[in-house]
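Heads up, the thing below is written out as structure tokens.
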């Protein structure tokens, strides 16, 4: 692909023609094919993804992702723990979106139980989940820039991510594997220092996002990302792709708007949509999503109600520590919950979906009436989105592979589970 | 006969009473109920067993009908379940058709969900593939094959996906125990034999 042709590819029609040209240049059998392994140990496959690429010169003619290198049987592990204990396993699925994983699992079990969550807990859940979304997008932006050879952005992004990690540290004592949520609410209320940090963070973040855009969104980046990695809307829906990859192609599907949970219907925010569905549009969508997350955070902070952060049902949530000194009933509840846990209705099942930074994250939980989940299944957006990778790669240049992998934003912990 | 006790919560020992006020806020979406009616009208000779829990509607489909039903739900007038959100399996060793394949359908038009379920007997552990209807089923079905040992007839590329190709057994079956280290780390053999008893 010549540089002139690249520059001319500014509209969608031009780009489609360009794709055909690249395909047409390489009729089958006119040269020798080469098969190379990309990964599982490759810095730009974001973990242990292995890609088997069939190349004709520098053009990818066939690509096949090989996954499973990080499979640790997390679903099976969850099935061997009580409902509350299993929360720590959800931290390990998509380790950039820890709060979101906690949330979707807790929502699923709460739906199974029919538990009611206090309003303050719901707003705090939205706050930490949106912080998690910002953090995940910052990791994505930094590593995506690094893949494309821009190192500065990485340091900028991780500077702000560090502020979010500090907030998580204050709120629950862990930076990465938070386990902040519990079935029935939260582990504890947020300390005042958290809100001070959050206000400081919200003061600078919009300006910082503009700064990333200023540094990164330049001519070199646009030329490397515009017009690559596109697949049609029909194929995206057929492959059940979700998240920014889907929205960059102009399909308006965000679980927060389509099926609101945790009170997302009370916030004003927009869903950014792309037009071309190429790697560049995915970048634009994610950057705008970061701004919208900051907008949600400001509203949540302003309207944070007072009240408890755990549901009142003592058969689900632990009694407050002070009650244990005065109430025999509280001691019994505490003992039963710690030693045995709770039993959801027998032979029932739920599927709950949330919007993770990567797309629709879903949890299927089936109960047999025992105190452990009978079947736990995570619908990982990374797993499903990765399936569309071969379609995006075929016919593209080898140098585009890295940019396209980065644009899907996969986390192998969630792909392999 | 299916030993599937399907109504009501289980025994009361330590059971959480379902909070009625919260449970009352759940309602089965009208679109899902309409889909069930349309299914019954389209396939009058088939009985569709339906279960309702919270706001979710589950429709049981016989194995031989799943592809036709899936196709109808995707393309039928006013149905448009064009998005297969998830496909997974489940294993109930005490029930007669032991396995289940579970389809979570979603519509990008009217934004409602519907769950389909197919029961698979242990002695004939196979299910027709829906990859022809929703392309995304490809990897999901490979995962169910890998984890439960259910084969999908008509699948274009049925191989293990998460476990190594030479792996024996299907880890998410309920009778596949955990508690020792199975991989080819022979240094652990003593420990493994001990744990097995």
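Protein chains in written order, with this note's numbering: chain A, 402 to 818; chain B, 2 to 198. No residue lacks a Cβ here, since even glycine has one placed at the ideal position from N, Cα and C.
Taking a beta-carbon distance threshold of 7 Å, residue 470 (chain A) does not count as an interface residue toward chain B.
With its beta carbon at least 7 Å from every one in chain A, residue 132 (chain B) lies outside the interface. Chain A places a beta carbon closer than 7 Å to that of residue 86 (chain B), counting this residue as a contact.
Each residue's CA atom was taken as its position, placing residue 146 (chain B) and residue 69 (chain B) some 21 Å apart.
Taking 7 Å as the threshold, the shortest C-beta distance from residue 763 (chain A) to chain B falls below it.
When C-beta atoms of the segment 484-498 of chain A are compared with those of the segment 753-769 of chain A, three or more pairs fall below 8 Å, so the two segments count as touching.
At a cut-off of 7 Å between beta carbons, residue 788 (chain A) contacts chain B. In this structure residue 546 (chain A) does not touch residue 758 (chain A) by the C-beta definition: roughly 16 Å separates them, more than the 8 Å allowed. In this chain, the alpha helix (DSSP H) harbouring residue 564 (chain A) covers 553-573. Closest in C-alpha terms to residue 542 (chain A), from the list A:617, A:746, A:720, A:438, comes A:617. For residue 156 (chain B), not one C-beta of chain A is nearer than 7 Å to its own C-beta. Close partners of residue 89 (chain B) in chain A (Cβ separation under 7 Å): 765, 778. For residue 112 (chain B), the residues of chain A that pass the 7 Å Cβ criterion are 659, 660, in the order they occur in the chain. Using a CB distance cut-off of 7 Å, residue 641 (chain A) counts as an interface residue toward chain B. Annotated three-state conformation of residue 744 (chain A) is strand, per DSSP. Of all residues in the segment 724-752 of chain A, the ones placed with a Cβ closer than 9 Å to any Cβ belonging to chain B are 737, 741, 742, 743, 744, 745, 746, 747, 748, 749, 750, 751, 752, in chain order. Taking a C-beta distance under 7 Å as the contact criterion, residue 452 (chain A) and residue 435 (chain A) do not qualify as a contact pair.
DSSP, read as helix, strand or coil, puts residue 507 (chain A) in helix. Here residue 586 (chain A) is near residue 522 (chain A), since their CB atoms are less than 7 Å apart. The residues 130, 132, 142, in chain order, have a CB closer than 7 Å to that of residue 156 (chain B) in the same chain once the five nearest residues on each side in sequence are set aside. Just so you know, the alpha carbons of residue 527 (chain A) and residue 441 (chain A) end up roughly 35 Å apart. When Cβ-Cβ separations below 7 Å define contact, residue 474 (chain A) makes contact with chain B.
Residue 105 (chain B) belongs to the set of residues whose beta carbon lies under 7 Å from a beta carbon in chain A. Put simply, of A:768, A:727, A:510, A:773 the residue whose alpha carbon is nearest the alpha carbon of residue 740 (chain A) is A:773. When Cβ pairs closer than 8 Å are counted between the two stretches, the segment 575-594 of chain A is seen not to touch the segment 787-797 of chain A, the count staying below three. Identification of chain B residues near residue 784 (chain A) by a Cβ-Cβ cut-off of 9 Å yields 140, 141, 144, ordered along the chain. As a beta-bridge residue in DSSP terms, residue 118 (chain B) pairs with B:61, B:103.
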